[in-house]
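Contents: one structure, followed by commentary.
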Amino acid sequence: MNIVHADPRGVDSGAHFMDGDHAIAEGALAAGCRFFAGYPITPSTETAERFAERAPEVGAMFIQMEDEIASIAALIGAAWGGQKAMTVTSGPGFSLMMENIGLAAMTETPIVLANVQRGGPSTGLPTLTAQQDMFQARFGSHGDYNIIALCPDSPQECFDLTVEAFNLAEAYRTPVFIMTDETVGHMHEKVVIPPADQIKVVERNLFTGPKEDFRPYRFDCQGGHPMTRAGDGYRFHVTGLTHDERGYPLMTPAQNQVVVTHLIEKINGNAEHIIRLEEDQVEGAEVVVISYGITSRIAVRAVAEARKKEIKVGSLRLITVWPFCEQRIRELAGQVRAIVVAEINYGQMVREVERCAAGRCQVVSVNHCGGAVHDPEVITKAIEEACR
Amino acid sequence: MSTTEIRFSGFGGQGIIRCALITGKALALYDDKFATMTQSFGPEARGSACSAQLVVSAQRVLYPYITAPTVLMALSQDAYDKYHPELGHGGTLIVEEDLVKLGGHDPRLQVWRVPATRVAESLGNRLFTNLVALGFFTAVTGVVTAEAMKRALPGLVPDRFLKVNIKSFEQGYEHGVQLREAQAPAP
Chain A
1 MNIVHADPRG
11 VDSGAHFMDG
21 DHAIAEGALA
31 AGCRFFAGYP
41 ITPSTETAER
51 FAERAPEVGA
61 MFIQMEDEIA
71 SIAALIGAAW
81 GGQKAMTVTS
91 GPGFSLMMEN
101 IGLAAMTETP
111 IVLANVQRGG
121 PSTGLPTLTA
131 QQDMFQARFG
141 SHGDYNIIAL
151 CPDSPQECFD
161 LTVEAFNLAE
171 AYRTPVFIMT
181 DETVGHMHEK
191 VVIPPADQIK
201 VVERNLFTGP
211 KEDFRPYRFD
221 CQGGHPMTRA
231 GDGYRFHVTG
241 LTHDERGYPL
251 MTPAQNQVVV
261 THLIEKINGN
271 AEHIIRLEED
281 QVEGAEVVVI
291 SYGITSRIAV
301 RAVAEARKKE
311 IKVGSLRLIT
321 VWPFCEQRIR
331 ELAGQVRAIV
341 VAEINYGQMV
351 REVERCAAGR
361 CQVVSVNHCG
371 GAVHDPEVIT
381 KAIEEACR
Chain B
1001 MSTTEIRFSG
1011 FGGQGIIRCA
1021 LITGKALALY
1031 DDKFATMTQS
1041 FGPEARGSAC
1051 SAQLVVSAQR
1061 VLYPYITAPT
1071 VLMALSQDAY
1081 DKYHPELGHG
1091 GTLIVEEDLV
1101 KLGGHDPRLQ
1111 VWRVPATRVA
1121 ESLGNRLFTN
1131 LVALGFFTAV
1141 TGVVTAEAMK
1151 RALPGLVPDR
1161 FLKVNIKSFE
1171 QGYEHGVQLR
1181 EAQAPAP
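Protein sequences appear in the order of chains A and B.
Note that my numbering has the first sequence beginning at 1, numbered continuously upward.
Note that my numbering has the second sequence beginning at 1001, numbered continuously upward.
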């Protein structure tokens, strides 16, 4: 991996009082993103506004496209032109992007997409928070594929994880999603942007060998195979069809097995390098609360209340939501009496927890649909009931 | 750990959100506190009642919304009517005296009336009302330092109006200091 310091032109170093949406734009610029195509949608538009405002200062390109379908198509083109590219959207726009998210996954194109989640389905609750797109992020496009998704819990993490999202996108040549929510997106807090020489950035791995040796793909279940830039004189082909290592269509069952296995295993096989979790007092706990994004901050208060009642409760925050931390949940399921999963949806990530726990501990879903964060007392009550 | 929960409220266009942004920035960047600001958003933030919430603590703020506010600044009648019931005993209520007719709030509240609009008009434009009120808020609550507030202004008010905004803040602050020293909160 070609790791360098961030280009200082894109780094607005210092302490800021900033919302999560703006921090995403700053994270992208710090990570070297110089292409943004998008279509405005509440509650994500502030990211686009910030990027558009900063683009001329850093020599980046911003395009407001005709819709979300075109936006993500532009990202794929920009990435094959050599750019780091991103877009930002929310529920309805995310749905429109699904087809080309599959194209990006299939063509192993590094792109970053932030979804500032609002209540759904459909136009749902445009101005109110939710975590209802978690499964759509993983399974929303057709066919079998894989992606990486990160979940920030603060404006500071919106910055930090956007930098990481770009690095992961380059390292594994995959779409990476920042699955934030309206609350974090619009919440203002202190955001410290480090000096450029303290920000590590993964550069595009560009092929430098003889032209006749270039292959845009290698189906080795690893990521990060060298790419090239359109126009640099290397011969290659990019298609959504099942393809060979040159990128040309090879539409056989055997090749689909090879390509799809690679797409999925390059991420699953590297899960231990990708997954980041934050654990607190999990050792010896009877109950563990699992949450992510804004809900994890609410859960901390609930956990503190439960501890006052002398309940042995730990917490686990999913910073990386996809790939899912299967191994850790299997370990925990054998150690604790119950796992409580809090999320702002009808019960999504809890399904993954149930699958991995496989009946070895009780799994309690504390959920409600979109529009508001949890009342911490509801989570505390679930913890108390779970350890009875 | 003590947490201060503040609600700034008024009608859309008064600079309510700006008040919370300035105060949050001052606390988080220059007063070494943790501050989390959330705001009413969407159609309700434009026109009618508009509000912003600020949670301040010496430690990291987890729950981002106010649950038992200790300070309410209300610059409109609607805002006062809507939000005064949530103030706890001993809470601090700051109202714009020409825009808010008091009545019905808990008598145990500490109430301050500030002629922010008139002061702003004397400085040339009622658009500075929010900064006058903010100066007053700074003086009577002691939540944030005046130095930090003034440092927070650049970037949050237009450059060409920075001086007059600082002056508006200072006039409100002076007025607040005088009232506080006179120990004369309104009945």
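Every residue gets a Cβ at the ideal spot worked out from N, C-alpha and C, and that includes glycine.
Everything numeric in this text was worked out from a predicted model, so none of it was measured.
Check                                                                                                                                                                            : Outcome
So, is methionine 1001 (chain B) buried or exposed, given that buried needs 16 or more other C-beta atoms within 10 angstroms?                                                   : Any reading at methionine 1001 (chain B) must be qualified, since the residue scores a pLDDT of 47, below 50, and its modelled position is unreliable; no value is offered.
Does chain A have any CB closer than 8 Å to the CB of alanine 1146 (chain B)?                                                                                                    : no
Which runs of the beta strand (DSSP E) spanning at least 3 residues fall entirely within the segment 124 to 200 of chain A, listed in chain order?                               : 125 to 129, 148 to 150, 175 to 181, 188 to 193
With respect to the alpha helix (DSSP H) encompassing serine 315 (chain A), which residues constitute its N-terminal and C-terminal limits?                                      : Where serine 315 (chain A) is concerned, there is no enclosing alpha helix (DSSP H), although the beta strand (DSSP E) it sits in stretches over 313 to 318.
Could you check which residue in B:Thr1004, B:Ala1026, B:Tyr1083 has the C-alpha nearest to that of phenylalanine 1011 (chain B)?                                                : B:Tyr1083
Our contact map puts leucine 1099 (chain B) next to serine 1076 (chain B) with C-beta atoms below 8 Å; I'd like the distance itself, whole angstroms only.                       : 6 Å
Would you tell me roughly how many angstroms separate the C-alpha atoms of alanine 30 (chain A) and threonine 109 (chain A), rounded to the nearest one?                         : 20 Å
Using a Cβ-Cβ cut-off of less than 7 Å, give me the residues of the segment 289 to 318 of chain A that come near chain B, in sequence order.                                     : Arg297, Ile298, Val300, Arg301
Going along the chain, which residues of its own chain have a beta-carbon closer than 6 Å to the beta-carbon of valine 11 (chain A), five neighbours each way excluded?          : Ala30, Ala196
Excluding the 5 residues flanking arginine 218 (chain A) on each side, which residues of the same chain have their C-beta closer than 7 Å to its C-beta?                         : His225, Glu245
Once DSSP output is grouped into helix, strand and coil, what is the label at serine 44 (chain A)?                                                                               : coil
Counting only runs of 4+ residues fully inside the segment 42 to 128 of chain A, write out the alpha helix (DSSP H) ranges in chain order.                                       : 45 to 58, 68 to 80, 91 to 106
Using 10 angstroms around the beta-carbon of asparagine 100 (chain A), count the other beta-carbons present and answer buried if the total reaches 16, otherwise exposed.        : buried
Does DSSP put asparagine 367 (chain A) in a helix, a strand or coil?                                                                                                             : strand
Would DSSP call aspartate 1078 (chain B) helix, strand or coil?                                                                                                                  : helix
Does the ligand MN have even one heavy atom less than 7 Å from the beta-carbon of alanine 73 (chain A)?                                                                          : The model depicted lacks the ligand MN and carries no ligand whatsoever.
Check for me: the beta strand (DSSP E) holding serine 1009 (chain B) runs from which residue to which?                                                                           : 1003 to 1011
Counting only beta-carbon atoms, is glycine 1024 (chain B) nearer than 8 Å to chain A?                                                                                           : yes
When the Cα atoms are used, what is the spatial distance from phenylalanine 166 (chain A) to glutamate 157 (chain A)?                                                            : 14 Å
Within the continuous beta strand (DSSP E) that includes aspartate 280 (chain A), where are the two ends?                                                                        : 277 to 280
Roughly how many angstroms separate the alpha carbons of alanine 1020 (chain B) and glutamine 83 (chain A), rounded to a whole number?                                           : 38 Å
Just how far apart, CA to CA, sit glutamine 1053 (chain B) and glutamate 1097 (chain B)?                                                                                         : 22 Å
Applying a beta-carbon distance threshold of less than 8 Å, which residues of chain B neighbour lysine 190 (chain A)?                                                            : Ala1028, Leu1029, Phe1034, Ala1035
Can you name, in chain order, every residue of its own chain whose Cβ lies under 6 Å from the Cβ of glutamine 132 (chain A), other than the five neighbours on each side?        : Gly120, Asn345, Gly370
Determine the contact status of proline 155 (chain A) and serine 90 (chain A), defining contact as a CB-CB distance below 8 Å.                                                   : no
Since tryptophan 322 (chain A) and alanine 149 (chain A) are thought to touch, with beta carbons under 8 Å apart, how far apart are those beta carbons, to the nearest angstrom? : 4 Å
With a threshold of 8 Å between beta-carbons, can glutamine 1039 (chain B) be considered close to chain A, or not?                                                               : yes
Can you check which of these residues, A:Pro194, A:Ala105, A:Asn146, is closest to valine 163 (chain A) by C-alpha distance?                                                     : A:Pro194
Any beta-carbon of chain B closer than 8 Å to the one on histidine 186 (chain A)?                                                                                                : yes
In angstroms, rounded to a whole number, what distance separates the CA positions of glutamate 1086 (chain B) and threonine 1067 (chain B)?                                      : 8 Å
Under a CB-based cut-off of 8 Å, is proline 376 (chain A) close to chain B?                                                                                                      : yes
With a threshold of 16 other CB atoms inside 10 Å of the CB of glutamate 377 (chain A), please say whether the residue is buried or exposed.                                     : exposed
Classify aspartate 389 (chain A) as buried or exposed, calling it buried when 16 or more other Cβ atoms lie within 10 Å of its own Cβ.                                           : Given a span of 1 to 388 for chain A in the structure shown, any question on residue 389 (chain A) remains unanswerable.
Here's the rule I'm using: 16 or more other beta-carbon atoms within 10 Å means buried, otherwise exposed. How should glutamate 46 (chain A) be labelled?                        : buried
Just confirm the distance between the C-beta atoms of serine 315 (chain A) and valine 336 (chain A), as a whole number of angstroms; I'd bet it's less than 8 Å.                 : Between valine 336 (chain A) and serine 315 (chain A) the Cβ distance is about 12 Å, and since that is not below 8 Å, they are no contact.
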